[in-house]
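Peer 1: Those sequence lines, one after another, are chains A and B.
Using our numbering, read the first sequence as starting at 4 and increasing by one per residue.
Using our numbering, read the second sequence as starting at 4 and increasing by one per residue.
Below is a structure I'd like to ask you about.
There are 2 protein chains.
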Amino acid sequence: MDRFLSNTINKVDRKGRVSIPAPFRPVLGNVSRLYTLMSVDQPSVDAGGPELIERGEAYLEKLDPFSAEYELYSFVLHGDSSELKMDGEGRITLSDAIRDQTGISDRAAFVGRGHFFQIWEPERFLAYREEARGKVAAMRQNRMANAGSGIKADGGA
Amino acid sequence: MDRFLSNTINKVDRKGRVSIPAPFRPVLGNVSRLYTLMSVDQPSVDAGGPELIERGEAYLEKLDPFSAEYELYSFVLHGDSSELKMDGEGRITLSDAIRDQTGISDRAAFVGRGHFFQIWEPERFLAYREEARGKVAAMRQNRMANAGSGIKADGGA
DNA sequence: ATTAATCCCATTGACGCCCAAAAATTCCCA
DNA sequence: TGGGAATTTTTGGGCGTCAATGGGATTAAT
Numbered sequence: 004m005d006r007f008l009s010n011t012i013n014k015v016d017r018k019g020r021v022s023i024p025a026p027f028r029p030v031l032g033n034v035s036r037l038y039t040l041m042s043v044d045q046p047s048v049d050a051g052g053p054e055l056i057e058r059g060e061a062y063l064e065k066l067d068p069f070s071a072e073y074e075l076y077s078f079v080l081h082g083d084s085s086e087l088k089m090d091g092e093g094r095i096t097l098s099d100a101i102r103d104q105t106g107i108s109d110r111a112a113f114v115g116r117g118h119f120f121q122i123w124e125p126e127r128f129l130a131y132r133e134e135a136r137g138k139v140a141a142m143r144q145n146r147m148a149n150a151g152s153g154i155k156a157d158g159g160a
Numbered sequence: 004m005d006r007f008l009s010n011t012i013n014k015v016d017r018k019g020r021v022s023i024p025a026p027f028r029p030v031l032g033n034v035s036r037l038y039t040l041m042s043v044d045q046p047s048v049d050a051g052g053p054e055l056i057e058r059g060e061a062y063l064e065k066l067d068p069f070s071a072e073y074e075l076y077s078f079v080l081h082g083d084s085s086e087l088k089m090d091g092e093g094r095i096t097l098s099d100a101i102r103d104q105t106g107i108s109d110r111a112a113f114v115g116r117g118h119f120f121q122i123w124e125p126e127r128f129l130a131y132r133e134e135a136r137g138k139v140a141a142m143r144q145n146r147m148a149n150a151g152s153g154i155k156a157d158g159g160a
């Protein structure tokens with residue numbers, strides 16, 4: 004299954020290094036380069052292979068090169084991303100920029116998101132997960148109400 | 004990946020020199036020449052290899068040579084650009100014109116922009132980055148609203 | 001001649017690369 | 001199915017190399 008699934012919390016050592024969860028490594032293609040992109044609305048960073056950036060660039064291509072949207076998005080995409088090298092043990096060292104963005108100090112949460120994954124400060128990750136669960140549950144309630152159905156949702160997703 | 008990514012803040016020494024971030028050097032082709040162009044709408048300068056100017060010239064070619072647009076753009080492209088030499092350690096010396104344009108005194112921010120990069124005064128860079136993040140987040144909100152879904156976007160593309 | 005640009009070398013700290021120990025997982029077999 | 005051995009991951013640390021920075025000395029420009 005070629006996508007990033009599940010979540011793991013790993014330790015950041017005193018040199019600022021963290022292991023990329025082993026199950027994520029083959030999805031990255033067993034190459035030692037990792038791309039990251041700061042989230043614009045969450046205290047997290049997105050990470051993945053080169054496709055992470057390429058997807059952004061594909062989106063950029065569809066915009067008018069002289070528009071404000073293009074300028075802003077390209078600024079964020081290219082200016083707030085970075086390439087990290089993995090060491091022989093599959094670790095990366097977190098930059099100061101990433102620490103500032105996420106609030107990570109000595110532990111980091113890796114969260115699978117399908118074609119990419121995210122890095123969070125563990126407490127914030129757990130909090131956001133609670134929030135997300137609640138909202139998804141509420142959405143489901145609303146859908147049921149709107150559909151006028153009394154059938155109970157299965158909760159299995 | 005052959006493009007300028009991520010951002011770095013480096014020190015300007017008392018001689019006015021700054022290091023070009025090492026990851027940018029190979030993208031420039033390991034040559035010791037760097038071309039700069041004043042931004043017309045931001046307190047920053049664009050920089051890159053010869054392609055920076057060539058791209059501008061390619062754009063110019065598509066314009067009517069007798070139009071006001073051609074005249075003005077050619078004036079800016081050729082008159083407001085410069086060539087800087089890198090020293091043995093990969094540093095450039097910032098000109099007075101660049102200091103005036105950017106407001107740089109003792110630190111300079113290098114910002115990857117894909118096929119070129121920008122040089123900013125660090126505080127201004129950070130301020131503009133905040134602004135850009137906010138606007139990109141808003142763009143995303145709008146897209147979602149238009150799509151009619153309440154589900155959180157993926158943060159990726 | 002004075003100032004600036006260039007070249008060279010030194011220092012410091014960060015980073016890449018290597019190996020080792022601890023912890024967790026998988027595998028195997030009784 | 002339980003226990004333990006073998007393997008894989010995670011974590012820790014040493015060390016050499018490279019990048020960033022500072023400064024002196026030499027050369028060029030006006």
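We treat Cβ as the ideally placed atom computed from N, Cα and C, and that holds for glycine.
Everything numeric in this text was worked out from a predicted model, so none of it was measured.
Can you have a look at B:ALA112 and say buried or exposed, based on whether 16 or more other CB atoms are within 10 angstroms of its CB?
Peer 2: Here the question's residue 112 of chain B lines up with position 109 in the second sequence. It counts as buried.
Peer 1: Give the secondary structure of A:PHE69 by DSSP, where H, G and I count as helix, E and B as strand, and everything else as coil.
Peer 2: As a working note, residue 69 of chain A is residue 66 in the first sequence. Reduced to three states, the DSSP call for A:PHE69 is coil.
Peer 1: What are the start and end residues of each continuous alpha helix (DSSP H) run of 4 or more residues lying completely inside the region 105-155 of chain A, in chain order?
Peer 2: Listed in chain order, the complete alpha helix (DSSP H) runs (minimum 4 residues) inside the region 105-155 of chain A are 125-150.
Peer 1: For a cutoff of 8 Å on Cβ pairs, would you count B:GLY117 as touching chain A?
Peer 2: Stepping through the second sequence from its first residue, residue 117 of chain B is reached at position 114. Cβ-Cβ to chain A under 8 Å: yes for B:GLY117.
Peer 1: So which of A:ARG58, A:ASP103, A:GLU92 has the shortest CA-CA distance to A:HIS118?
Peer 2: By one-based count along the first sequence, residue 118 of chain A stands at place 115. It is A:ARG58 whose Cα lies nearest to the Cα of A:HIS118.
Peer 1: Starting from A:GLU64, follow the alpha helix (DSSP H) in both directions and report where the run begins and ends.
Peer 2: Numbered from its first residue, the first sequence carries residue 64 of chain A at position 61. Taken as a continuous stretch (DSSP letters only), the alpha helix (DSSP H) holding A:GLU64 covers 54-64.
Peer 1: Can you tell me whether DSSP reads A:SER84 as helix, strand or coil?
Peer 2: Taking the first sequence and counting its residues from 1, the one referred to as residue 84 of chain A is at position 81. In this structure, A:SER84 counts as strand in the three-state DSSP scheme.
Peer 1: Between B:ASN10 and chain A, is there a C-beta pair that is closer than 8 Å?
Peer 2: The residue you call residue 10 of chain B lines up with position 7 of the second sequence. Answer yes: the Cβ-Cβ gap between B:ASN10 and chain A drops below 8 Å somewhere.
Peer 1: Report the CB separation of B:ARG110 from B:VAL15 in whole angstroms; it is logged as a contact under 8 Å.
Peer 2: Taking the first residue of the second sequence as 1, we reach residue 110 of chain B at position 107. Taking the first residue of the second sequence as 1, we reach residue 15 of chain B at position 12. With 8 Å as the limit, B:ARG110 and B:VAL15 qualify as a contact, their Cβ atoms being about 6 Å apart.
Peer 1: Checking contacts by CB at 8 Å: is A:GLU86 closer than that to chain B?
Peer 2: Here the question's residue 86 of chain A lines up with position 83 in the first sequence. True, the Cβ-Cβ gap to chain B drops below 8 Å.
Peer 1: Could you run through the region 68-92 of chain A and flag, in chain order, every residue whose CB is less than 9 Å away from some CB of chain B?
Peer 2: Result list: ALA71, GLU72, GLU74, LEU75, TYR76, SER77, PHE78, VAL79, LEU80, HIS81, GLY82, ASP83, SER84, SER85, GLU86.
Peer 1: Counting only Cβ pairs nearer than 7 Å, list the residues of chain B close to A:ASP44.
Peer 2: Residue numbering aside, residue 44 of chain A sits at position 41 when the first sequence is read from its first letter. Within chain B, the residues near A:ASP44 are ALA140.
Peer 1: Could you give the first and the last residue of the continuous beta strand (DSSP E) run that contains A:ARG94?
Peer 2: Start at 1 with the first residue of the first sequence, and residue 94 of chain A comes out as number 91. Segment 94-96, the beta strand (DSSP E) holding A:ARG94.
Peer 1: Check whether the Cβ of B:ALA148 lies closer than 8 Å to any Cβ atom in chain A.
Peer 2: As a working note, residue 148 of chain B is residue 145 in the second sequence. No - not a single Cβ of chain A is within 8 Å of the one on B:ALA148.
Peer 1: Mind checking whether B:GLU92 and B:SER35 have CB atoms under 8 Å apart?
Peer 2: Counting from one through the second sequence, the residue named residue 92 of chain B turns up at place 89. Counting from one through the second sequence, the residue named residue 35 of chain B turns up at place 32. Not in contact: B:GLU92 and B:SER35 (Cβ atoms no closer than 8 Å).
Peer 1: In terms of residue numbering, what span does the beta strand (DSSP E) encompassing A:VAL21 cover?
Peer 2: As a working mapping, residue 21 of chain A is identified with position 18 in the first sequence. That run of the beta strand (DSSP E) goes 20-22.
Peer 1: When you compare only the Cα positions, how much space is there between A:PRO53 and A:ALA61?
Peer 2: In the first sequence, residue 53 of chain A corresponds to position 50, counting from 1. In the first sequence, residue 61 of chain A corresponds to position 58, counting from 1. Taking the straight line joining both Cα atoms gives about 12 Å.
Peer 1: Please confirm if B:ARG36 has its CB atom under 8 Å from at least one CB of chain A.
Peer 2: Start at 1 with the first residue of the second sequence, and residue 36 of chain B comes out as number 33. With 8 Å as the cut-off, B:ARG36 does not count as an interface residue toward chain A.
Peer 1: Under the three-state reduction of DSSP, which class applies to A:ARG6: helix, strand or coil?
Peer 2: In the first sequence, counting from the first residue as 1, residue 6 of chain A sits at position 3. The answer is coil: DSSP assigns A:ARG6 none of H, G, I, E or B.
Peer 1: List the residues of chain A that B:PHE7 touches, going by C-beta distances under 7 Å, in chain order.
Peer 2: Position 4 of the second sequence holds residue 7 of chain B. Ordered by position in chain A, the residues that pass the 7 Å Cβ test against B:PHE7 are HIS81.
Peer 1: For the alpha helix (DSSP H) containing A:ASP28, name the first residue and the last one.
Peer 2: Residue numbering aside, residue 28 of chain A sits at position 25 when the first sequence is read from its first letter. Correcting the residue type first, residue 28 of chain A is Arg in the shown sequence and not Asp. 27-30 is the span of the alpha helix (DSSP H), which, as asked, contains A:ARG28.
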